[in-house]
Structures are given as C-alpha cells and as structure tokens.
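Residue numbers for the sequence shown follow numbering that gives the first Met the number 0, beginning at 0 and rising by one. Glycine included, C-beta positions come from ideal geometry on N, C-alpha and C. What follows is a single structure, written as structure tokens, with notes after it.
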Amino acid sequence: MPWIQLTVSAPEQHAPLVGDMLQGNGALAVTYRDAQDNPIFEPPLGEVLYWQETLVTGLFPAETDLAPVLDNLRKSRYFNETFNYKTDQLEDKDWEREWMDNFHPIRFGRRLWVCPSWRDVPEPEAVNIMLDPGMAFGTGTHPTTALCLTWLDGQDLTGKTVVDFGCGSGILAIAALLLGAERAIGIDIDQQALIASKDNAERNGVADKLEVYLPSNQPSLAADIVLANVLAGPLQELADIIQGYVDENGQLVMSGILQRQIEQVQAAYQPNFAFSKPQLQDEWVMLHAHRNH
0 MPWIQLTVSA PEQHAPLVGD MLQGNGALAV TYRDAQDNPI FEPPLGEVLY
50 WQETLVTGLF PAETDLAPVL DNLRKSRYFN ETFNYKTDQL EDKDWEREWM
100 DNFHPIRFGR RLWVCPSWRD VPEPEAVNIM LDPGMAFGTG THPTTALCLT
150 WLDGQDLTGK TVVDFGCGSG ILAIAALLLG AERAIGIDID QQALIASKDN
200 AERNGVADKL EVYLPSNQPS LAADIVLANV LAGPLQELAD IIQGYVDENG
250 QLVMSGILQR QIEQVQAAYQ PNFAFSKPQL QDEWVMLHAH RNH
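This is how it looks when you write it as structure tokens:
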C-alpha cells in the first residue's frame, strides 16, 4: 500500500515527545535522524540519545488527512504556527526487495569480498565474508570500514592476534581471521554487537577463533594488531585503554576520523606510536602506527 510521511524538526529535549504525539495521532511507525552532522557516541546500555536538532518522521497510510495532525502539533506547547515540517508521498513497493537490491558484493584490496547471503559470490576462490546488513554497525559500505578492510587485505596476518575494538558486526575481526590471523578478540559496550559478531563468525566458519567481551570483563590483552574503527572523540578519550592492548612490537589502526581531526587523534597516542601517512577515502581517514620502542 502507498504511504505518506510527515517529518517534523524538533529540538533534542522534545524529540521523543514529538514521536509520541505522532504515534498518538495515527502514525504506524516513527523514526529519528540527525538534521545536521552531529555524531552521537555509543550510549550506555538502555539509554537513548537524540541529536541537538532531530528530524522526527511519522509514517501514515496515504489516505490519512494530515491537517488534524498538524493542528494538534501546532496546539502543543512544543511548537507554534511556524514550526518546520514536510510531507512526502511514498509509492507502493516491495520494500524488503527494494532494501535487498541495494546491497551487492564489494571487493576490498585484491582478494577480500564482503557478500550478502542472497547474492552469488563473484569470486569463489577469493576470501569471502558472508555478512548481511543488520542491527550492528559494519557491513563494509562506509568509508571507515572500507579503509580498514583494504588495509587488512594487504597484510600478512599469519599467526597474528588481532583486537577489534568497537567490533559492531565483527566484520574486521572476521576479515582478519579469514585472511590468516590465529586469534581475534572483539570488544564492544553493546551486548547486541557481541551477539552479532559471534553469529557472523559462526556463519563464516571462524567462531572457534573469535572471543568477544564487554569492556568490563575482558582479560588482559597484548595483540599484534589493534583495530579501532569508532570515532575521533572515543579514540582520544580512551587512548590509554586502546594503546594498552598493543604489544610492544604491535601495530595500531584507527578509523572513524575526519581529516580535520587527524592531529588531535595522533597527539593522543604520541610519543608512544610512530604514524604512517594517513589513508583517505572521501572525508574520512584511517591512521596506521607502529609502537615505538
């Protein structure tokens, strides 16, 4: 069936209340997204954070008369006659098929592919990660993940121990294992990410080599390679913890960094690490470093 979307701009403190109002006025689903470019760091379990300016979208059947809904919003104490909104018509589609059609196998470097389960594997003899988009972050489509996967493809990982800090879907840890690493450890503050990582490792036949931990119960670690694909803020705030995972001869790979943030992130790890030339894709950066002796 066709649909109509009503999207309302709301300040952070009012966003959940606006969502409740849309549902109370007949919205069958409500979503929230950033109106600008203000990333939110991973919130604590059970806590929901909104953006400073949030776009709240309600999904209604196409025949819905939105005039009463808009009148109710105007009458609320959160808005006035000039509040910002827009409406969009959505055509009737097979949305599941539409969603699936957007994902294709992607190659990183010379031999590494990430393949959705419903697609044919382009190169059966290559290193293929079978990974479906899901709740946990990381399917290879974002430049930060792509930079790390391409780097991994160019390494000799035989016998290496790898830490995937902020593992999300587990894609980097699984890639490392399929490329020859002996052991991988995934660390994330989200229990759902740990479950997703283990499920994906099982699907790719490397579950016996992957360990996953919350930060509160991880063992003492000393890895040959530490991968931290998070954001610049956490990379700086958690610098002591992250670099503590790196063995005395180890390497550190960090992504989720914008070009303007390179110097601040590097400063948090110097003089303990010597950095190579930053690798760029679009506006995003990957930093690679060796521990100094």
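Would you list the residues sitting across from residue i in a DSSP beta bridge?
i    : result
Q4   : L58 and D87
Q250 : I224 and H289
W283 : L257 and Q280
P10  : E52
G185 : D163 and V211
F274 : A288
For residue i, which of the options has the nearest alpha-carbon?
i    : options                   : result
Q235 : E247, Q263 and N71        : Q263
V7   : Y84, P60 and V68          : Y84
T144 : L213, R202, V245 and L226 : L226
V162 : D223, W117, I105 and N24  : D223
I170 : N127, Y212, E181 and A266 : N127
K208 : Q190, P214 and L178       : L178
N228 : D198, V120, H141 and Y268 : H141
P296 : L176, L213, G23 and V55   : Missing from the structure shown is residue 296; the chain here goes from 0 to 292 and no further.
G108 : D131, G57, A174 and A200  : A174
R259 : S275, W283, G243 and L72  : W283
H289 : Q280, L257 and Q250       : Q250
L5   : D198, Q154, L89 and A172  : L89
S219 : G243, N199 and D198       : G243
E62  : H287, A192 and P1         : P1
E52  : F82, S275 and L156        : F82
Helix, strand or coil, according to DSSP, for residue i in the structure here?
i    : result
E336 : It is not possible to answer for residue 336, since the shown part of the chain is limited to 0 through 292.
G18  : helix
Y31  : strand
C114 : strand
F136 : In this prediction, F136 scores a pLDDT of 47, lower than 50, which makes its location untrustworthy; the coordinate-derived value is nonetheless stated afterwards. F136: coil per DSSP, three-state reduction.
A125 : coil
P42  : Reliability fails at P42, whose pLDDT of 45 lies under 50, so the model's placement of it is uncertain and no value is given.
N37  : Confidence is the limiting factor: at N37 the pLDDT is only 48, short of 50, which leaves the residue's position unreliable, though a coordinate-based value still follows. Three-state DSSP puts N37 in coil, outside helix and strand.
R109 : coil
T63  : coil
T160 : strand
V264 : helix
V47  : Residue placement at V47 is flagged as unreliable, the pLDDT there being 49, under the threshold of 50; a coordinate-derived value is accordingly withheld.
V229 : coil
V308 : With the chain covering 0 to 292 only, the question about residue 308 has no answer from this structure.
V245 : strand
S168 : coil
Is residue j closer than 7 Å to residue i when the C-beta atoms are compared?
i    : j    : result
L111 : D64  : no
G298 : E124 : Nothing in the structure corresponds to residue 298, since the chain is present only between 0 and 292.
I184 : E210 : yes
F164 : I241 : yes
Q278 : L146 : yes
A3   : F59  : Sequence check: residue 3 is Ile here, not Ala. Yes. Within cutoff.
A273 : N248 : no
Could you check how far apart the C-beta atoms of residue i and residue j are, in whole angstroms? I think they sit under 8 Å.
i    : j    : result
G204 : L230 : Rounded, the Cβ-Cβ distance is 31 Å, inconsistent with contact.
I188 : Q217 : Rounded, the Cβ-Cβ distance is 11 Å, inconsistent with contact.
Y212 : A238 : The Cβ separation is near 19 Å, so there is no contact.
V252 : W150 : 6 Å
G23  : Y31  : Rounded, the Cβ-Cβ distance is 16 Å, inconsistent with contact.
L130 : N199 : 6 Å
G57  : A34  : That belief does not hold up - the Cβ atoms of G57 and A34 are roughly 16 Å apart, past 8 Å.
Just to confirm, does residue i get its C-beta within under 6 Å of one of the non-hydrogen atoms of the ligand MG?
i    : result
Q190 : For the structure depicted, the ligand MG is absent and the ligand set is empty, with no information on it obtainable.
Using a Cβ-Cβ distance cut-off of 7 Å, determine whether residue i contacts chain D.
i    : result
G204 : Among the chains in the structure shown there is no chain D, since it carries only a single protein chain.
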